[in-house]
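The sequence shown begins at 759 in my numbering and counts up one residue at a time. Since the structure comes first, as structure tokens, the remarks are kept for the end.
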Amino acid sequence: MAKRIIISGGGTGGHIFPAVAIANALKKLDPDTEILFVGANGRMEMEKVPAAGYKIIGLDIQGIQRNSVWKNVMFPVKLLRSVRKAIGIIKDFKPDAAVGVGGYASGPLLYAASLKGIPTLIQEQNSYAGITNKWLGAKAKKICVAFDGMEKFFPFDKIIKTGNPIRKESVNIAGKHMQALELYKLSSFKKTILITGGSLGARTLNNSILAGLDKIIAADVQVIWQTGKFYYKSIIEQLGENRHPDVCVVEFLNRMDLAYAAADVIISRAGAGTIAELCVIKKPVILVPSPNVAEDHQTKNALALVQERAAVFVADRDAEAKLVDKALELLNDIDLQKKLSSNIGKLALPDADEVIAKEVIQITHNN
759 MAKRIIISGG GTGGHIFPAV AIANALKKLD PDTEILFVGA NGRMEMEKVP AAGYKIIGLD
819 IQGIQRNSVW KNVMFPVKLL RSVRKAIGII KDFKPDAAVG VGGYASGPLL YAASLKGIPT
879 LIQEQNSYAG ITNKWLGAKA KKICVAFDGM EKFFPFDKII KTGNPIRKES VNIAGKHMQA
939 LELYKLSSFK KTILITGGSL GARTLNNSIL AGLDKIIAAD VQVIWQTGKF YYKSIIEQLG
999 ENRHPDVCVV EFLNRMDLAY AAADVIISRA GAGTIAELCV IKKPVILVPS PNVAEDHQTK
1059 NALALVQERA AVFVADRDAE AKLVDKALEL LNDIDLQKKL SSNIGKLALP DADEVIAKEV
1119 IQITHNN
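Right, dumping it as structure tokens:
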């Protein structure tokens, strides 16, 4: 009999993409599976999930605002309302299982599911578990993780290492190097650095490249520089009309596969989803974790790779002074490039979406 599954969470692309990937994998296992998403009103998932073809219901929930006491006054009220609404959703939809991928809506929905005796599964993307997931982990049937050592946050017997779902089309780079260079109008005789700070961009990465651009040009190296939508206009203005032909500036990378295919070295933030893709494409990478995320989890994600000698680490505060020098150093060190590529490739778990979907079905049978 076809299963009914609720998937909850979102807030950022890093949560929404894995959620949709798990939904797609469940549909692949059984096209009759009924899936309902639960998100947070006003957040990205309310737009992205319907665009992926799934129904979503929003909860009026927010996170704890670390920098403002006043913004937290309504938090307990919103939390109680959200739990009440989540209980109503569960009564109406009658799910066989509930999945939480992190983000504001995950907490109330998974808590309500556990109150109603619905088996729950947590997909923890980061190497450092957030407060909500740690709390929900005690009641969950299974906890799917992407990094080793997660037993310090969750009961050991519930953990399964699945990796994080990736965008398959983004990591399909084989045989695309020349096509990629053509798209970005770059030379096949020069080394290429890809800089990516996510769809919104990363101020530190942009400032670091601006600061070191003359060194990059002097080294006869070319760059694909994804600025993000917040910074694109000001960077184009700063570079002016006569910017160097080796500097390809884009607001957003619509073809991530071609950007990856063109790169000899990649400079990136350290979100869990990005790291999962980088492991599959096996290119030398310099990680500059964002310090502006909950529990500083990007730093912990990056250090998990550094520990395996699978990435170079540059702290956000040091990036303007050191990042470009590090990148040029790495481009000139073929042995280190090979070592990093080999080690990061060993960490790849490319079929996470299917493995997680099977675990979801499994917990419905065991209930």
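Cβ coordinates follow ideal geometry from the N, Cα and C atoms, glycine included.
{"Item": "Validate contact between the stretch 1025-1045 and the stretch 995-1012 using beta carbons, cut 8 Å, 3 pairs", "Value": "no"}
{"Item": "I819 versus L1098, G998, M802 and R839, residue with shortest Cα-Cα distance", "Value": "R839"}
{"Item": "With 16 other Cβ atoms within 10 Å as the buried cut-off, status of V835", "Value": "exposed"}
{"Item": "K991 in three-state terms, based on DSSP", "Value": "helix"}
{"Item": "Terminal residues of the alpha helix (DSSP H) in which A938 lies", "Value": "H935 to L941"}
{"Item": "Per-residue burial, S1064 [other beta carbons within 10 Å of its own, 16 or more giving buried]", "Value": "Reading off the sequence, residue 1064 comes out as Val, not Ser. That one is exposed."}
{"Item": "With 16 other Cβ atoms within 10 Å as the buried cut-off, status of H1055", "Value": "buried"}
{"Item": "8 Å Cβ cutoff, K934 in contact with chain D", "Value": "In the displayed structure, chain D is absent; only one protein chain is listed."}
{"Item": "Distance cut-off 7 Å: I1039 Cβ against heavy atoms of the ligand SAH", "Value": "Within the structure as shown, the ligand SAH is missing, as the structure has no ligands at all."}
{"Item": "Cβ-Cβ distance between I901 and D1015 below 8 Å", "Value": "no"}
{"Item": "Distance between beta carbons of D1111 and I880, contact taken as under 8 Å", "Value": "Contact doesn't hold; Cβ gap of about 16 Å is too wide."}
{"Item": "Classification of Q980 by the beta-carbon crowding that lies within 10 angstroms, buried from 16 upward", "Value": "buried"}
{"Item": "Where I1044 falls, given that 16 or more other Cβ within 10 Å makes a residue buried", "Value": "buried"}
{"Item": "Under 8 Å between C-beta atoms of V841 and I763", "Value": "no"}
{"Item": "Cut-off 7 Å between Cβ atoms - residues of its own chain near E1091, not counting five sequence neighbours on either side", "Value": "What sits at residue 1091 in the sequence shown is Asp, not Glu. Nothing meets the Cβ criterion."}
{"Item": "Limits of the alpha helix (DSSP H) - the one that Q1120 falls within", "Value": "A1110 to H1123"}
{"Item": "Nearest neighbour of Q883, chosen from I953, A777 and L939 [CA to CA]", "Value": "A777"}
{"Item": "Whether K949 touches D850 by CB criterion (8 Å)", "Value": "no"}
{"Item": "Proximity below 8 Å, CB of M936 to CB of S928", "Value": "no"}
{"Item": "Distance between P1047 and F912 (C-alpha atoms, nearest Å)", "Value": "24 Å"}
{"Item": "Reduced DSSP secondary structure (H/G/I, E/B, other) of E1087", "Value": "helix"}
{"Item": "8 Å contact criterion, which G955 and N964 should meet: CB distance rounded", "Value": "7 Å"}
{"Item": "Separation of F1071 from G768, as counted between CA atoms", "Value": "28 Å"}
{"Item": "Segment contact, 8 Å Cβ cut-off, at least three pairs: the stretch 1071-1085 with the stretch 990-997", "Value": "no"}
{"Item": "The stretch 883-894 / the stretch 972-988 touching (three or more Cβ pairs under 8 Å)", "Value": "no"}
{"Item": "For I974, three-class secondary structure by DSSP", "Value": "helix"}
{"Item": "F775, DSSP secondary structure in three states", "Value": "helix"}
{"Item": "Nearest-angstrom beta carbon gap, S1099 and P1042 [assumed within contact, 8 Å]", "Value": "6 Å"}
{"Item": "Pairwise C-alpha distance: A1017 and L952", "Value": "7 Å"}
{"Item": "Own chain partners of L944 with C-beta closer than 7 Å, once the 5 adjacent residues on each side are dropped", "Value": "T950, Q980, C1006 and A1020"}
{"Item": "Given G816 as reference, the closest of E805, K1058 and A760 once Cα atoms are compared", "Value": "E805"}
{"Item": "Counted within 10 angstroms of its Cβ, other Cβ atoms place S766 as buried (16 or more) or exposed", "Value": "buried"}
{"Item": "T962 in three-state terms, based on DSSP", "Value": "helix"}
{"Item": "8 Å contact criterion, which V1113 and T920 should meet: CB distance rounded", "Value": "4 Å"}
{"Item": "DSSP state of Q1095 mapped onto helix, strand, coil", "Value": "helix"}
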